[in-house]
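Residue numbers (the working numbering), protein chains in the order written: chain S, 1 to 474; chain A, 475 to 741.
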Amino acid sequence: MVQNIQVKDKEDINKALKQLEESRKQILWNPIANRYARTLERVERIFQEDSLQQALDDRFISKIGAFIKQCREPEFHIAIIGVVKAGKSTLINALLGKDIASTAVTPETAVLTKFRSGKGKNVVNLSFYNNKEWDELWNSASENPHSTFFKEYKALQAESHKAQWIGHERITFQPASEEELKQVVKEWTSSKDPKHYFVKEVEIGLADFQLPEQVMFVDTPGLNDVVRYRSDVTRNYIDRANAVILCALSKTLNTGDLQTMYNVFANCRENPEKVYTIGTQLDLLNEPKVEWPQLKRQWISYLEGEDCYGSAKMASKNIFGLSAHMYNQALQYNQLGKRDQRKLENALFNYTEDFIDVVEEAITYSEILTFKENLFMEIVQNHESLLIEELKMRFNDLQQELLERIIYIKSSQTDLLVSAGEDLEVITEKAKRKEQEVKEMKVNQETLQNVLLKVQRNNSDYLKELKKAAKQIV
Amino acid sequence: MGFRSFISSVASGVSRAVSTTVSKVASGIGKIVSSPTTIPVIKGPNLFELAKKVVDFFRSKKYDSSTASTDETKNINRDLSQYAKTFHSEANRVEDELLEKANDYFDKVIFQLEDMQSYDDFMKELPLHNIKKEIRELRKELRGDIKNRISRAYSLDNQELLTILKVDSDTERVKEMEQYAKRVMKIAIEEFLEKVDELSDKQLELVQDLILSQVNQISLTMTSEQALLEELTVAMQQDEEELEKLKAKISSTIDLCDTAIEELKTA
Numbered sequence: 001m002v003q004n005i006q007v008k009d010k011e012d013i014n015k016a017l018k019q020l021e022e023s024r025k026q027i028l029w030n031p032i033a034n035r036y037a038r039t040l041e042r043v044e045r046i047f048q049e050d051s052l053q054q055a056l057d058d059r060f061i062s063k064i065g066a067f068i069k070q071c072r073e074p075e076f077h078i079a080i081i082g083v084v085k086a087g088k089s090t091l092i093n094a095l096l097g098k099d100i101a102s103t104a105v106t107p108e109t110a111v112l113t114k115f116r117s118g119k120g121k122n123v124v125n126l127s128f129y130n131n132k133e134w135d136e137l138w139n140s141a142s143e144n145p146h147s148t149f150f151k152e153y154k155a156l157q158a159e160s161h162k163a164q165w166i167g168h169e170r171i172t173f174q175p176a177s178e179e180e181l182k183q184v185v186k187e188w189t190s191s192k193d194p195k196h197y198f199v200k201e202v203e204i205g206l207a208d209f210q211l212p213e214q215v216m217f218v219d220t221p222g223l224n225d226v227v228r229y230r231s232d233v234t235r236n237y238i239d240r241a242n243a244v245i246l247c248a249l250s251k252t253l254n255t256g257d258l259q260t261m262y263n264v265f266a267n268c269r270e271n272p273e274k275v276y277t278i279g280t281q282l283d284l285l286n287e288p289k290v291e292w293p294q295l296k297r298q299w300i301s302y303l304e305g306e307d308c309y310g311s312a313k314m315a316s317k318n319i320f321g322l323s324a325h326m327y328n329q330a331l332q333y334n335q336l337g338k339r340d341q342r343k344l345e346n347a348l349f350n351y352t353e354d355f356i357d358v359v360e361e362a363i364t365y366s367e368i369l370t371f372k373e374n375l376f377m378e379i380v381q382n383h384e385s386l387l388i389e390e391l392k393m394r395f396n397d398l399q400q401e402l403l404e405r406i407i408y409i410k411s412s413q414t415d416l417l418v419s420a421g422e423d424l425e426v427i428t429e430k431a432k433r434k435e436q437e438v439k440e441m442k443v444n445q446e447t448l449q450n451v452l453l454k455v456q457r458n459n460s461d462y463l464k465e466l467k468k469a470a471k472q473i474v
Numbered sequence: 475m476g477f478r479s480f481i482s483s484v485a486s487g488v489s490r491a492v493s494t495t496v497s498k499v500a501s502g503i504g505k506i507v508s509s510p511t512t513i514p515v516i517k518g519p520n521l522f523e524l525a526k527k528v529v530d531f532f533r534s535k536k537y538d539s540s541t542a543s544t545d546e547t548k549n550i551n552r553d554l555s556q557y558a559k560t561f562h563s564e565a566n567r568v569e570d571e572l573l574e575k576a577n578d579y580f581d582k583v584i585f586q587l588e589d590m591q592s593y594d595d596f597m598k599e600l601p602l603h604n605i606k607k608e609i610r611e612l613r614k615e616l617r618g619d620i621k622n623r624i625s626r627a628y629s630l631d632n633q634e635l636l637t638i639l640k641v642d643s644d645t646e647r648v649k650e651m652e653q654y655a656k657r658v659m660k661i662a663i664e665e666f667l668e669k670v671d672e673l674s675d676k677q678l679e680l681v682q683d684l685i686l687s688q689v690n691q692i693s694l695t696m697t698s699e700q701a702l703l704e705e706l707t708v709a710m711q712q713d714e715e716e717l718e719k720l721k722a723k724i725s726s727t728i729d730l731c732d733t734a735i736e737e738l739k740t741a
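Pasting the structure below:
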């Protein structure tokens, strides 16, 4: 009996591919990535047909899957770090174009908070520490037994909540509105709530994300967290991030602020060009247009050395002055009370005495849009072009290998079709021979696996010896 | 290149050809596997030089982050960065040596596989050069790891260093710094070797993928051939209709392959 596999003709598969095309989400960040992913998704769809379902090796299928994922979900990480009271939340709000950070992220909270596109939906994902991570965190907190960490942990009786949250599965909320979203985030990150200790990461997907879709904007807890484990998370993040926005108050830069700034550079000595230093709250200066260039010169002198940017030119290029508060107020000008409207006008007056349109000019002088539209896009585009180059190379290899495999499968099927015209005796003989060959192949696979396993074991033993030898040298 | 030429070159003896390859791989790599593991000799960093640098640099360098001015902070940060740089060439030398030794075993395996490409049809078609490229990239990612760890240890972002820099007495500070310098070097090397472990796993995985994936592909196709031949035998013993159904099924699979090939060629 012919196995119960539905025979499909070309029209059926074309129909299936058409359906795929209709339901398929386009990749908007780059047309080449979209084309590559589309091709492979269509080939994947063809190989979901009954007669081909088992035709490709699993290892190879996962390689294709990983490539599609990279096309679909490229991530460009921008970490934001602020010195104390630098107006980091206000800047995040301005860059995201919505009032979300001030309430969403309490300054005392040591949770890594990621903002990204929710692709049309508001989503909050919470992940929790597992046992191993929590033990590491606890041990590192114990290095400083008199820190506020233990006092607050005790005061909130967090220990009695630990068992419930450590190792907890990821929780996802889909708030219906931005207000609801803020409430959810506040509930889980508030330092007044004991469960915040156990939250490892908050990922906020915004329905209306005003930055490129592939950008992951990350609010880090800072490098001077009382728990080293948590500041190490920030350190690693700075190291891996594609860009770092470092904000400090433009008006006063004290020793502590400078130390924080140097600490950020200490974690990206190999690529300081990825750090964008922002002098915040320019609108608080008496004459921003005159004072900021003077302050910037001073900042350049602090950051031009080889310990930071490496040259005055690069420092000058990467230091910006912004007025995020003025920008945010301008956006909500009509909802502001008279007093706040007057404050905004006064702030603008520091820039220019004869303004005509408060909103428009406050937005212009804030420099937020310039920063967002030019620089932001530029750094994302640079990253994109590198990624596309990598995707091109990988696609060519995958395409070639996939073609080879499919042609092999096709030729095997063509041979079988020819066999269908032969005598029963010949076919029976072929079937027997094939059975024998399949057995041989299984043995081959096993032998090869064992050889590779031995390589792995030997290599691991060798590395152990190397580690022992390395211990002796210092 | 690839399957096509290998399969067509060996015609009906695919499994025999693969068997030959596997036994060659097994004996070739077997030699490497069975050779005794020799304990590597590593030339460590020059500790005398290390101690001398500490004395020269930290003798008159005190810094208290709680009372320092911005200029003092700027100066110490630059000095520390300069100081860390004096370790760079030594760090790179140790790193090169460790990496070379750590990859020694693995490189022998790769060399063996590469050598087999000159005389084995199956091996010849494996895209070993792609794997070598990926391995180069992986190794490149590790470059400068020890140097970076040392730089971070000699920065204001290090509480332990800040505590030592605060010490009033020159002699005491230098003494503590000497210990610190040794610790920094030791930890940097240990942590680097942890990363080498990860690198090693990734490298092996790449080679496993390279060889096993293709052998698995051949095995899958053969298994499918065997099943269809058996179906064919049964169908022929039944009636013409069954045989036609089976032929249609095979033709449909060929059509699907053609569609997939077309998709890939027009990408």
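Cβ coordinates follow ideal geometry from the N, Cα and C atoms, glycine included.
Since the structure is predicted, the reported quantities are computational estimates derived from the model, not experimental observations.
- Beta-bridge annotation (DSSP): S/Thr172 is paired with S/Asn125.
- Within the region 306 to 346 of chain S, complete alpha helix (DSSP H) segments of at least 4 residues are found at 312 to 318, 324 to 331, given in chain order.
- Within chain A, the residues Lys548, Asn551, Arg552, Ser555 have their CB atoms less than 8 Å from the CB of S/Gly305, given in chain order.
- Of the candidates S/Ile427, S/Gln445, S/Leu402, S/Glu465, the residue whose Cα lies closest to the Cα of S/Thr39 is S/Leu402.
- By the neighbour-count definition (other C-beta atoms within 10 Å, threshold 16), S/Ser301 is an exposed residue.
- Assigned with DSSP and collapsed to three states, S/Thr113 falls in strand.
- Residues of chain A whose Cβ lies closer than 7 Å to the Cβ of S/Met441 are, in chain order, Ser489, Val492, Ile692, Ser693, Met696.
- Among the residues of chain S, those whose CB is under 7 Å from the CB of A/Met710 are Leu424, Ile427, following chain order.
- Of the residues assessed, S/Phe115 falls on the buried side of the cut-off, its CB having 16 or more other CB atoms within 10 angstroms.
- Across the region 606 to 633 of chain A, CB contacts with chain S closer than 7 Å involve Gly618, Asn622, Ser625, Arg626, Ser629, Leu630, Asp631, in sequence order along the chain.
- When Cβ-Cβ separations below 9 Å define contact, S/Ala470 makes contact with chain A.
- The C-beta of S/Leu223 comes closer than 9 Å to at least one C-beta of chain A.
- Using a CB distance cut-off of 9 Å, A/Leu602 does not count as an interface residue toward chain S.
- In this structure A/Ile663 is not in contact with A/Lys575, their Cβ atoms being roughly 12 Å apart against a cut-off of 8 Å.
- Each residue's CA atom was taken as its position, placing S/Glu291 and S/Arg24 some 53 Å apart.
- Listed along chain A, the residues sitting closer than 9 Å to S/Ser419 by beta-carbon distance are Leu702, Leu703, Leu706.
- Leu572, Lys575, Ala576, Asp578, Tyr579, Phe580: these are the residues of the region 571 to 582 of chain A whose beta carbon lies less than 9 Å from some beta carbon of chain S, given in chain order.
- By alpha-carbon distance to S/Cys247, the top candidate from S/Lys372, S/Lys98, S/Lys85 is S/Lys85.
- If you compare the alpha carbons of S/Ile388, S/Pro145, S/Lys432 with that of S/Val226, the shortest gap goes to S/Pro145.
- Comparing C-alpha distances from S/Asp193 to each of S/Ser160, S/Arg170, S/Gln210 shows the shortest one belongs to S/Ser160.
- Cβ neighbours of S/Tyr229 within its own chain (closer than 6 Å, five residues either side excluded): Glu136, Leu137, Ser140.
- With its beta carbon at least 9 Å from every one in chain S, A/Leu680 lies outside the interface.
- Nearest in C-alpha terms to S/Asp415, of all of A/Ser698, A/Leu573, A/Leu630, is A/Ser698.
- Between A/Val670 and A/Ile624, the gap from beta carbon to beta carbon reaches 9 Å or more.
- Among the residues facing chain A, S/Arg228 is included, as its CB has a counterpart in that chain under 9 Å away.
- Distance from the CA of S/Tyr197 to the CA of S/Leu223, rounded to the nearest whole angstrom, comes to 18 Å.
- Taking S/Glu287 as the centre and dropping the five residues before and after it, the same chain places the C-beta of Asn350 closer than 8 Å to its C-beta, in chain order.
- The Cβ neighbour count for S/Gln413, taken over all protein chains shown within 10 Å, is at least 16; the residue is labelled buried.
- Beta-bridge annotation (DSSP): S/Cys71 is not paired with any residue.
- If the five residues before and after S/Ala79 are omitted, its C-beta is found closer than 6 Å to the C-beta atoms of Val218, Thr220, Tyr237, Ile238, Ala241, Val244, all from its own chain and listed in chain order.
- For A/Phe666, the number of other beta carbons within 10 angstroms of its own is at least 16, and it is reported as buried.
- The residue among S/Ala158, S/His325, S/Cys71, S/Gly120 with its C-alpha nearest the C-alpha of S/Ala94 is S/His325.
- Per DSSP, the beta-bridge partners of S/Val215 are S/Phe76.
- Using a Cβ-Cβ cut-off of 9 Å, A/Asp732 counts as an interface residue toward chain S, since at least one Cβ of chain S sits closer than that to its own.
- Taking the C-beta atoms as reference points, A/Lys505 is found no nearer than 9 Å to A/Met590.
- By the Cβ criterion, the region 247 to 262 of chain S is not in contact with the region 54 to 64 of chain S, since fewer than three pairs of Cβ atoms, one from each stretch, lie closer than 8 Å.
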